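Note sheet for the following structure.
Protein chains: 2
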Amino acid sequence: MRIPKHIGIIPDGNRRWAVKNGFSKEMGYEKGLKPGIKVFELCSKIGVKELTFYGFTMDNTKRPSIQTKAFTKACIKAVELLSNKDASLLVVGNTDSPMFPKELLPYTNNRKTFGRGGIKVNFLVNYGWQWDVKNLINNQSNSNNVIGLLHSQDISRIDLVIRWGGRKRLSGFLPLQTVYSDFYFIDDYWPDFKEEHFYQAIEWYNKQDITLGG
Amino acid sequence: MRIPKHIGIIPDGNRRWAVKNGFSKEMGYEKGLKPGIKVFELCSKIGVKELTFYGFTMDNTKRPSIQTKAFTKACIKAVELLSNKDASLLVVGNTDSPMFPKELLPYTNNRKTFGRGGIKVNFLVNYGWQWDVKNLINNQSNSNNVIGLLHSQDISRIDLVIRWGGRKRLSGFLPLQTVYSDFYFIDDYWPDFKEEHFYQAIEWYNKQDITLGG
Chain A
1142 MRIPKHIGII
1152 PDGNRRWAVK
1162 NGFSKEMGYE
1172 KGLKPGIKVF
1182 ELCSKIGVKE
1192 LTFYGFTMDN
1202 TKRPSIQTKA
1212 FTKACIKAVE
1222 LLSNKDASLL
1232 VVGNTDSPMF
1242 PKELLPYTNN
1252 RKTFGRGGIK
1262 VNFLVNYGWQ
1272 WDVKNLINNQ
1282 SNSNNVIGLL
1292 HSQDISRIDL
1302 VIRWGGRKRL
1312 SGFLPLQTVY
1322 SDFYFIDDYW
1332 PDFKEEHFYQ
1342 AIEWYNKQDI
1352 TLGG
Chain B
1142 MRIPKHIGII
1152 PDGNRRWAVK
1162 NGFSKEMGYE
1172 KGLKPGIKVF
1182 ELCSKIGVKE
1192 LTFYGFTMDN
1202 TKRPSIQTKA
1212 FTKACIKAVE
1222 LLSNKDASLL
1232 VVGNTDSPMF
1242 PKELLPYTNN
1252 RKTFGRGGIK
1262 VNFLVNYGWQ
1272 WDVKNLINNQ
1282 SNSNNVIGLL
1292 HSQDISRIDL
1302 VIRWGGRKRL
1312 SGFLPLQTVY
1322 SDFYFIDDYW
1332 PDFKEEHFYQ
1342 AIEWYNKQDI
1352 TLGG
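In order, the protein sequences belong to chains A and B. Add 1141 to a position in the first sequence, counting from 1, and you land on the number used in the numbering used here. Add 1141 to a position in the second sequence, counting from 1, and you land on the number used in the numbering used here.
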């Protein structure tokens, strides 16, 4: 079986899950923590080498502050939970903004090893696609590797993007690392994560003809 | 009904169609011409303002020359057919390469009006996502509009991408104009185009909640 080297996760539908279950919207984010750790564990188990989570974006920070506080708190908590595992974490996002949580600054410049290390985990926090790509402007490089010039240069090409919550779009998720990615969409909301979702995505990916645009 | 302003078309599956129908692979491209004109007419009819077709990419030119000749010929023929319609055409791609057909050079620098003009048609010919984005490097601009600095700067944000041929990926299609696009995937091969495909995509798009990443 061909296991994707690098999986991107778009964990959408937290707010819709909350409303559907009788909570206020911002209550949905905390319900995304357990699925996140579960996906991490499944990826470690099957031998995925790199895993990127869409935390929150600069676009998202325009939402009501009760929501921005709730998703920021959930991101900090996610890193706490991960710190008890074996992983190598990098947080990527615009740190020159009050919306970036200072608790996560220690993870932004260098990849931090938790436990025995292992799978690379990238966590997008206050990420913006324009912010990311603007690092190319005024760059003096002659490199042919465009990705190596981005703010997100330590995040490699993504093989498989899995998005929960029924929407079929990238919403600004790493536009240059996803140019050749295969997309797997799941209707269920992220807090309703089931292991089957993950395994179905992996089985589907195994059947795709990978050409990298060729 | 909310009609997308700008639709992107990924007309995939020509070679698989040819093989399935007992032809050699390169015979499939010509069968994509009629569907292309049909989509153009449907877009004009319902009031789409801009339409972008994925012709061929720099990645594609690594294929056997019998195929590259066939898809290049089909692209030239497509422009001939369009020249009998009311449209405003721009061809976008890397012209500094022998793979770019000289017949299409007149359409690369300025948008050319056919008939009474009208819908903007962008045609990607020998397009490469790295080529496109590299225009940002060494750019002296202070602009906040990243898309305006690309080689493809005259192509605007895309609302809806429709891909035929069953694959769920972008394959390098305008990575920055598609950051917020909704994706509609059709299993049928492009030469098996039916009007229903198009109308189903439009109806599906009408039901999406458009947030532009917010």
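For glycine and all other residues, C-beta sits at the position ideal for the given N, C-alpha and C. Bear in mind that the values here come from a model prediction, so they are computed numbers and not experimental data.
If you follow the beta strand (DSSP E) that residue i is in, where does it begin and where does it stop?
{"i": "A/Ser1229", "result": "1228-1233"}
{"i": "B/Trp1305", "result": "1301-1305"}
{"i": "A/Asn1347", "result": "A/Asn1347 -> not in any beta strand (DSSP E); alpha helix (DSSP H) instead, spanning 1336-1347."}
{"i": "A/Gly1196", "result": "1191-1198"}
{"i": "B/Phe1326", "result": "1323-1327"}
{"i": "A/Gly1149", "result": "1147-1152"}
{"i": "B/Thr1254", "result": "1253-1255"}
For a contact meaning CB atoms closer than 7 Å, what does residue i contact in chain B?
{"i": "A/Ser1312", "result": "Tyr1321, Gly1354"}
{"i": "A/Gln1208", "result": "Simply none; closest approach about 11 Å."}
{"i": "A/Val1235", "result": "The question names Val, but residue 1235 of chain A is Asn in the sequence shown. What A/Asn1235 touches in chain B: nothing, since even the nearest Cβ is about 14 Å away."}
{"i": "A/Trp1270", "result": "Val1320"}
Quick one: Cα of residue i to Cα of residue j, how far?
{"i": "B/Phe1181", "j": "B/Leu1192", "result": "8 Å"}
{"i": "B/Leu1277", "j": "A/Leu1277", "result": "6 Å"}
{"i": "A/Leu1311", "j": "B/Ser1322", "result": "7 Å"}
{"i": "A/Lys1210", "j": "A/Phe1194", "result": "18 Å"}
{"i": "A/Tyr1346", "j": "B/Glu1221", "result": "39 Å"}
{"i": "B/Asn1225", "j": "B/Lys1253", "result": "12 Å"}
{"i": "A/Val1320", "j": "A/Lys1214", "result": "31 Å"}
{"i": "B/Gly1313", "j": "A/Asp1333", "result": "32 Å"}
{"i": "B/Asn1283", "j": "A/Gly1289", "result": "21 Å"}
{"i": "B/Asn1251", "j": "B/Thr1236", "result": "14 Å"}
{"i": "B/Lys1203", "j": "A/Asn1162", "result": "52 Å"}
{"i": "A/Tyr1248", "j": "B/Gln1318", "result": "31 Å"}
{"i": "A/Lys1275", "j": "A/Gln1281", "result": "13 Å"}
{"i": "B/Asn1201", "j": "A/Lys1175", "result": "42 Å"}
{"i": "A/Phe1255", "j": "B/Gln1271", "result": "35 Å"}
Name the chain B residues that come within less than 9 Å of residue i, Cβ to Cβ?
{"i": "A/Lys1203", "result": "Gly1355"}
{"i": "A/Pro1332", "result": "Near A/Pro1332 there are no residues of chain B at all, since even the closest Cβ is about 18 Å away, more than 9 Å."}
{"i": "A/Phe1324", "result": "Lys1309, Arg1310, Leu1311, Phe1324, Phe1326"}
What do you reckon, are the CB atoms on residue i and residue j nearer than 9 Å?
{"i": "B/Arg1298", "j": "B/Asp1153", "result": "no"}
{"i": "A/Leu1301", "j": "A/Gly1173", "result": "no"}
{"i": "B/Cys1184", "j": "B/Phe1197", "result": "no"}
{"i": "A/Leu1231", "j": "A/Ile1296", "result": "yes"}
{"i": "A/Lys1186", "j": "A/Ser1229", "result": "no"}
{"i": "B/Lys1190", "j": "B/Lys1146", "result": "yes"}
Residues in the same chain with beta-carbon distance under 7 Å from residue i, minus the five sequence neighbours each way, listed in chain order, please.
{"i": "A/Gly1234", "result": "Phe1241, Leu1265, Val1266, Asn1267, Tyr1268"}
{"i": "A/Arg1156", "result": "Lys1166, Gly1169"}
{"i": "A/Gln1349", "result": "Asp1323"}
To which residues of the same chain is residue i closer than 6 Å at the C-beta, ignoring the five residues directly before and after it?
{"i": "A/Asp1273", "result": "Leu1291, His1292, Ser1293"}
{"i": "A/Tyr1325", "result": "Ile1303, Ala1342, Trp1345"}
{"i": "A/Trp1082", "result": "For residue 1082 of chain A there is no data in the structure shown, the boundaries of chain A being 1142 and 1355."}
Run down chain A in chain order and give the residues with a C-beta less than 7 Å from the C-beta of residue i.
{"i": "B/Gln1281", "result": "Asn1279"}
{"i": "B/Asp1153", "result": "Simply none; closest approach about 11 Å."}
How would you write the range of the alpha helix (DSSP H) that residue i sits in, first residue to last?
{"i": "B/Glu1221", "result": "1206-1223"}
{"i": "A/Pro1176", "result": "1174-1187"}
{"i": "B/Lys1161", "result": "1155-1161"}
{"i": "B/Asp1273", "result": "1270-1274"}
Name, please, each residue of chain A whose Cβ falls closer than 8 Å to the Cβ of residue i.
{"i": "B/Phe1264", "result": "Near B/Phe1264 there are no residues of chain A at all, since even the closest Cβ is about 18 Å away, more than 8 Å."}
{"i": "B/Pro1316", "result": "Pro1316, Leu1317, Thr1319, Val1320"}
{"i": "B/Val1274", "result": "Val1274, Leu1277, Val1287, Leu1317"}
Just to confirm my understanding: we take residue i, look at its own chain, exclude 5 residues before and 5 after, and list those with CB closer than 8 Å. What are they?
{"i": "B/Glu1336", "result": "Lys1179, Leu1183"}
{"i": "A/Gly1258", "result": "Asp1227, Ala1228, Ser1229"}
Check the Cβ of residue i against every Cβ in chain A and list those closer than 9 Å, keeping chain order.
{"i": "B/Thr1213", "result": "Correct list: empty, because the minimum Cβ distance to chain A is about 16 Å."}
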